[in-house]
DNA sequence: CAAGCTTAATTTGTCAGACAAGATGCTAAA
DNA sequence: TTTAGCATCTTGTCTGACAAATTAAGCTTG
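Protein chains in written order, with our numbering: chain A, 753 to 1002; chain B, 753 to 1002.
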């Protein structure tokens, strides 16, 4: 049996096809975590390919963090296998940032909704602390970007779904810069900062009250206004802040 | 100066050492972006190693997104650097799948909303074709899982935001199995499949009409019902489908 | 019988050489 | 000059072999 694993169809990279099939097999649980997968020779015979290709395929999986190989022993499914999402490094121009915001908006809204119904008392405390940290940082003359991101992260954590924190964390890097732009702009016009504080407060109140819909609406309003504030930042300000970053392109 | 590249010291993985040195060389600007690096044979001679090791090393760099290889031409330093999000591989039990669904729901809803206002005529055509493909696959006795995912992907593409397709594609892998479970269940009860068709039709109609809110509502309904259908699939069915996969451990 | 050592079998890592599949550039013909 | 063919180069794949490390069996010894 198991003969229905036919020869890989002609196509792009042979080793890549094999890697994909092995990856699928692992992710679908064909081999349990920590389990040893067949030897390279066996896999080669099974797929009808040479050991070189099997090795290349396994090498890809190893680099992807799905398997670990021990010489003399075999290759094993990683005990904490990871999968990786790769994408081109987004630019930091206004349009690219807004693209990221477009993705974040529904995620943050849903995270706030879930947080309102799932947050533990300690998580609520952490969210409130994060909000206070923003004020303190701003009053101390800092931009408060880190604290702002931590605030949103605390909400995502309260949603009790690791995927939200993972994806939002991932995209945080690209917003760091953008938030700083608005903060720099907002420091000139005090009203902006007051808006942000009020919006944050509305989110926290809804989460504290355990009102999912109110939390979602407050988060949606916050994200929409954030985009408006970002658009009001003049382009030259964006470029100026960008130039401050270390390792900027020469 | 290049002569001081002595034989790699004894240590962990030979190919790993070479990969590190090549990576350093690239990031230090020894080869510019898009430039072709030496041939595998040349690198092998330069480091005093065989071509196999060079290939493994380059494979790592390729996997890390630092170089791209073209058969017959050579290996080149990538011109577009990538970032990667790595997270623990989700389990395939019901709770884990539902966690993934929780993340997908807001994303798919927003994607449908954006698609309704941004889709081009050709994208609308592709969405409709994908919907037809599902029917044909199901009538041909297949599960139609691939076609179902392709349908949702077509909608994400029509949203004109690469982040949506990236994240949704990323999480598609973990739903593949789950959808198959419901399909297997649905094949027993024809009404489920009719529900799916009707829900898909509602989404497409809203996107075709250019009505963002209707598209969002239709997508939300579809995702909610999908979760209901999944929950109705008994646990043992999940295990059975998993065991059906070819090459299951003996 | 139990424990420890030795040895053989297994498996990944590395080496070497060869051919296949494309890509590149040169040369000759139109 | 342009184009077609051809030689050459480079990566992808195949084959076979050995080295290094692990594993398991067998044997010895207490």
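Glycine residues also receive a C-beta, built at the ideal position from the N, C-alpha and C atoms.
Does residue i come within less than 8 Å of chain A when only Cβ atoms are used?
i	result
residue 838/B	yes
residue 897/B	no
residue 795/B	no
residue 997/B	Legend: pLDDT at residue 997/B = 41, less than 50; position of this residue unreliable, value from coordinates given subsequently. Residue 997/B counts as touching chain A.
residue 766/B	no
residue 901/B	no
residue 841/B	yes
residue 760/B	Unreliable positioning characterises residue 760/B in this predicted model, as indicated by a pLDDT of 41, which lies under 50. A coordinate reading is not provided.
Determine which residues share a DSSP beta bridge with residue i and list them.
i	result
residue 835/A	839/B
residue 826/B	822/B
residue 1040/A	What is shown of chain A runs 753 to 1002, which leaves residue 1040/A out entirely.
Check whether the Cβ of residue i lies closer than 8 Å to any Cβ atom in chain B.
i	result
residue 851/A	yes
residue 1001/A	With a pLDDT of 35 at residue 1001/A, under the threshold of 50, the modelled position of that residue is not reliable, and no figure is offered here.
residue 994/A	Note that residue 994/A scores 49 on pLDDT, short of 50, meaning its location in the model is unreliable; the coordinates nonetheless yield the value given after this. No, residue 994/A lies away from the interface with chain B (no Cβ there is under 8 Å from its Cβ).
residue 834/A	yes
residue 983/A	no
residue 965/A	no
Name, please, each residue of chain A whose Cβ falls closer than 8 Å to the Cβ of residue i.
i	result
residue 780/B	Near residue 780/B there are no residues of chain A at all, since even the closest Cβ is about 13 Å away, more than 8 Å.
residue 774/B	Within chain A, no residue comes near residue 774/B; the closest Cβ sits about 14 Å away, beyond 8 Å.
Assuming residue i and residue j make a contact with CB atoms under 8 Å, what is their CB distance in whole Å?
i	j	result
residue 834/B	residue 840/A	6 Å
residue 967/A	residue 864/A	4 Å
residue 980/A	residue 923/A	Not confirmed; about 19 Å, so no contact.
residue 825/A	residue 810/A	In fact, because the Cβ distance is near 14 Å, the residues do not count as touching under 8 Å.
residue 813/A	residue 777/A	About 10 Å; that fails the 8 Å criterion.
Beta carbon of residue i: closer than 7 Å to some heavy atom of the ligand SAH?
i	result
residue 952/B	With respect to the ligand SAH, the structure shown offers nothing to examine, as it has no ligands at all.
Please identify, using Cβ separations under 8 Å, the residues of the stretch 912-938 of chain B that lie next to chain A, in order along the chain. 913, 914, 915, 916, 918, 919, 922, 923, 925, 926, 928, 929
Mind checking the stretch 854-879 of chain B against chain A and listing, in chain order, the residues whose C-beta falls within less than 8 Å of any C-beta there? 854, 855, 857, 858, 859, 861, 862, 866
Could you name the residues of the stretch 800-831 of chain A whose beta carbon sits closer than 7 Å to any beta carbon of chain B, in the order they occur along the chain? 808, 811, 812, 815, 816, 817
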